[in-house]
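A quick write-up on the structure given underneath.
In the numbering used here, the protein residues as written are 5 to 656.
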């Protein structure tokens, strides 16, 4: 396929799912009303920053942002904005989405084409958790909104546009859903939709072609009235007109988007299903991990496996799911939630119902003579790690002679859990991986994002930077991950096999084994106040020394605290700047400069651009301080001689 065929191939960039939403909505909307909560906060704060900076949309209109006192009020504000014919957004998660539920019904009932962007988050039930879960979205799946699920940041950007166009053509509000933190905060390569594409694809909100001002006094209309026995049911059932035509509109808009961009979406996305016997079915980032695992199972074990991503949960694509999976022996529907009081978890139950309709000859469904065995699993609740090994176990469970467990859980120790027989590395060949350990954040999470941005933009490589958020601000253990590859990175899980381990605090040695999974010949960086190799070596615990010798691990060290203290122009920047020093260390010890044959000045020019992207709003001095910190990390980091470590072993 050539670039001439697709007039808008996209702008290469790096960013997370939150940035993707802000990019799209700051170009095409007129305003947003939101009370964003974790992990949707970055969407709201990003949009609000565009408003504060005086950004205008593609039609020259200044953007508007309103933050009322609650999520419920923000939804009501969006309702009023849309009633007046405005193109409006909202950003929310978890309890915030559920608090809106009353208003969500009225927005769909009035056929208002708003789009809400959801950072899907586990609901507080047995405990508070602010990480990924789909029970918040499932709690509002009955409110009459369209719902589109994204696997990664690219999906987020594209589906934000598709949802907006469908909402306005179909006179139905839509939600776009991405996994909280796992997509909202994970830096990846993506192609940003061009402003010219967005302008053509979405259209002027003031043109009067798709948006209606229901508050226009010259065209009075009665809405929101009381309807008693004679009227209410007639109006409610009449709304089926809008939903009956919605699947066709979604598919048509997706096909039009493909013709413009070359990026194809459908109600469902099938992966290697044509000849598959078994499949993983789900929604969100875990399905992309499943796709990489499918390749491994086919290549290494000759298992005919496949995967199916349900991109459009509402309207539910029953016929399309049946068509894609009717030939399977079995499928495992894995969901990021658990509702044990129901017949099955939501996606599983609806797939079972779709097959029942097909088996009984319901109109619109393909003819079938049998139903594949449908297994159900729960995984990834509260961002619990979902590993390739877990997905291998789900496939193996379906292939067991005794039929396996019809309901199972993955990733925890429990009587219902499937235990992996292996946990394969399904990353692309030649991948470089980093896993950082810190006690407290020390700016390491932001630094990880900056590193990913520079590596992606400067070296032209594929990147994925994922922070394992927790209680880093309270001084508890924090981990962060970076993957660099020449091919697209499809796994969304914590990294166990890595090439580089930075320790922002030497106490990480006492909180487990931070060298676990570090490759032979790999590297470890140690933050330390010691200034000689001998002093640094003396601080390393004996078990770690043994691992370092056996695997011939290269050890680097530097006092990043001292540099941050000397460079920071204000005390509040000192702690975060410790992490920024790591960027210089990363550039010095990793192979990318040598492989790309770039000069230091070329590299630091790119570093400065990235630092301005992240810190420019804090002023020129902050940017300069960070740049000095990076340069000093690059210049001052030192290695522990391999000979010294070997001699220390002989002496011991």
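All residues carry an ideal CB built from backbone N, CA and C; glycine is no exception.
- According to the DSSP assignment, residue 435 belongs to no beta strand (DSSP E), since it is labelled neither H nor E.
- For the options 159, 134, 78, 483, the alpha carbon positioned closest to that of residue 23 is the one of 159.
- Taking the Cβ atoms as the reference, residue 380 lies roughly 7 Å from residue 410, within the contact range of under 8 Å.
- At the C-beta level, residue 134 and residue 209 stay beyond 9 Å of one another.
- In this structure, residue 295 lies away from residue 351, with their beta-carbon atoms at least 9 Å apart.
- In this structure, DSSP gives residue 351 a helical state, which the three-state scheme calls helix.
- Between the stretch 560-575 and the stretch 628-641 there are three or more inter-stretch CB-CB distances shorter than 8 Å, so the stretches are counted as touching.
- Annotation: the stretch 354-405 contains the following complete segments of the beta strand (DSSP E) (minimum length 3 residues), in chain order: 377-382.
- Looking at 502, 75, 369, 397, the one whose alpha-carbon comes closest to that of residue 101 is 75.
- Contact check between the stretch 79-97 and the stretch 106-121: three or more CB pairs, one atom from each, fall below 8 Å, which counts as touching.
- Along the stretch 442-526, the alpha helix (DSSP H) occurs as fully enclosed runs of 4 or more residues at 448-463, listed in sequence order.
- Shown here, residue 420 sits in coil according to DSSP, grouped into three states, outside any helix or strand.
- If you draw a 10 Å sphere on the C-beta of residue 527, you find 16 or more other C-beta atoms in it, and that means buried.
- Listed in chain order, the alpha helix (DSSP H) runs fully inside the stretch 58-95 are 75-87, counting runs of at least 4 residues.
- Beta-bridge annotation (DSSP): residue 182 is paired with 123.
- Within the stretch 123-174, the complete alpha helix (DSSP H) runs of at least 4 residues fall at 139-142, 157-174.
- Assignment of residue 211 by DSSP, reduced to helix, strand and coil, places it in the coil class.
- By the CB criterion at 9 Å, residue 176 and residue 115 fall inside the cutoff.
- Relative to residue 580, the option among 487, 643, 634, 153 whose CA is nearest is 634.
- Taking 9 Å as the cut-off, the beta carbon of residue 649 is found no closer than this to the beta carbon of residue 566.
- Ranked by Cα distance from residue 204, the first of 561, 218, 233, 264 is 264.
- As far as DSSP is concerned, residue 575 takes part in no beta bridge.
- Under the criterion of beta carbons closer than 8 Å, residue 181 and residue 225 do not qualify as touching, at roughly 32 Å.
- For residue 410, there is no enclosing beta strand (DSSP E), since its DSSP letter is neither H nor E.
- The shortest C-alpha to C-alpha distance from residue 270 to any of 430, 167, 142, 9 is the one to 167.
- The three-state secondary structure of residue 192, taken from DSSP, is strand.
- Within the same chain, Cβ atoms closer than 6 Å to the Cβ of residue 428 are found at 300, 392, the five residues on either side in sequence being excluded.
- For the set 457, 185, 595, the Cα lying nearest the Cα of residue 46 is the one of 185.
- By the C-beta criterion, the stretch 399-406 is judged not to be in contact with the stretch 459-468, since fewer than 3 inter-stretch pairs fall below 8 Å.
- Nearest neighbour of residue 324 by Cα position, chosen from 473, 66, 252, turns out to be 252.
- Counting along the chain, the unbroken beta strand (DSSP E) around residue 560 starts and ends at 558-562.
- Between the stretch 27-36 and the stretch 187-204 there are three or more C-beta pairs closer than 8 Å, enough to call the two in contact.
- Between residue 110 and the set 99, 390, 84, the nearest pair of CA atoms involves 84.
- Bridge partners of residue 312 according to DSSP: 274, 285.
- When the alpha-carbon of residue 21 is set against those of 490, 108, 187, 107, the nearest one is in 187.
- Around the beta carbon of residue 398, 16 or more other beta carbons lie within 10 angstroms, which makes this residue buried.
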